[in-house]
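Positions in the sequence shown are counted from 1; adding 768 to them yields this note's numbering. One structure below.
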Amino acid sequence: MNKKLAAALSGGAVLVLTLTGCGSDDDNSEKVNDWAKTVCDQVQPQLQKIANANAAIQQQTADNSKPVDVQKTDSAAFQQISQAYKALGAAVDSAGPPPVDDGEATQKEAVKELNASSAAYASLQTKVDALDTKDQAKFADGLKGIADELNKISTSGDKALKRLQSGEVGTAMAKQKGCQKPTASTPQTTPPGAPTPSQSVSPSKKA
């Protein structure tokens with residue numbers, strides 16, 4: 769019952785992971801590289817938290833998973849992701865504007881978007897907590913609604929982040945180890961016959 773939720777989460781919820789995007793070999797100014805390092809050094813722990821939360825939801829995708837266990841896992845995961853996005857917003861904010869044209873506007877929009885994502889996941893946590901775990905059919909319907917909301921979160925409103933990750937700044941960030949996609953410390957397990965995230969219907973991944 770949690771498969772659609774897991775697919776939606778892994779498909780595009782972690783917008784900031786596009787920071788690992790396609791960098792070029794062009795030399796960047798020292799100031800831009802310094803700015804990217806400042807941000808990425810703070811980003812990595814938060815990306816790890818998001819990856820771990822994603823993995824936890826993936827583990828609760830078996831058809832025989834108890835609603836109460838799914839609810840507990842998903843609630844904790846959404847809380848963790850919400851906190852991670854809030855910290856990411858703080859990291860970009862504390863780094864100051866990137867030393868490029870329109871850097872201040874780009875930074876402010878990215879911070880605004882990251883904070884909005886944090887609030888959206890906090891809202892999803894509240895909705896998961898409110899689901900009726902005693903009625904499996906109603907619970908499954910509730911999860912479907914939450915998965916639909918996840919799709920909306922992951923496919924809309926990411927223009928500011930894409931702008932932050934483009935051009936000279938994006939290239940500099942892509943070179944930083946701290947902005948590379950982490951591997952979840954929680955092992956992911958996929959039940960026999962269950963669709964993997966890549967096989968499921970999910971938002972298009974961004975380069």
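Note that the Cβ used here is the ideal one computed from N, Cα and C, for glycine as well.
Of S850, K771, Q848, the smallest CA-CA separation from Q827 is found for K771.
By the Cβ test, the region 845-859 is in contact with the region 881-897, since at least three Cβ pairs between them sit closer than 8 Å. Taking 9 Å as the cut-off, the Cβ atoms of S850 and Q893 count as close. When secondary structure is reduced to three states using DSSP, L899 falls in the coil class, being assigned neither helix nor strand. Straight-line measurement puts the Cα of S934 at about 40 Å from the Cα of D837. Runs of the beta strand (DSSP E) lying entirely within the region 805-866 and spanning at least 3 residues: none are present. The DSSP-derived three-state label of K772 is helix. Selection S885, G910, P813, I825 evaluated against A898 yields G910 as nearest (Cα-Cα). In terms of Cβ geometry, P867 and S797 form a close pair [threshold 9 Å]. At a Cβ-Cβ threshold of 9 Å, A887 and F846 do not count as neighbours.
CA-to-CA, the gap between E936 and A852 works out to about 25 Å. DSSP, read as helix, strand or coil, puts K876 in helix. Closest by C-alpha distance to K799, out of A940, P950, T951, G946, is A940. Annotation for A942: the continuous alpha helix (DSSP H) segment containing it runs 935-942.
Counting of Cβ neighbours within 10 angstroms places G938 among the buried residues, the total reaching 16 or more. Spatial neighbours of Q944 in its own chain (CB-CB distance under 6 Å, excluding positions within 5 residues in sequence) are listed in chain order as A804, K805, C808. Taking the Cα positions, Q839 is about 20 Å away from A952. For V811, the closest C-alpha among the options A908, A863, N822 is that of A863.
Straight across, the Cα-Cα distance linking S885 with K920 is about 11 Å.
Less than 9 Å separates the beta-carbon of A774 from that of I825. Separation of D870 and K834 (C-alpha to C-alpha, rounded to the nearest whole angstrom) is 50 Å.
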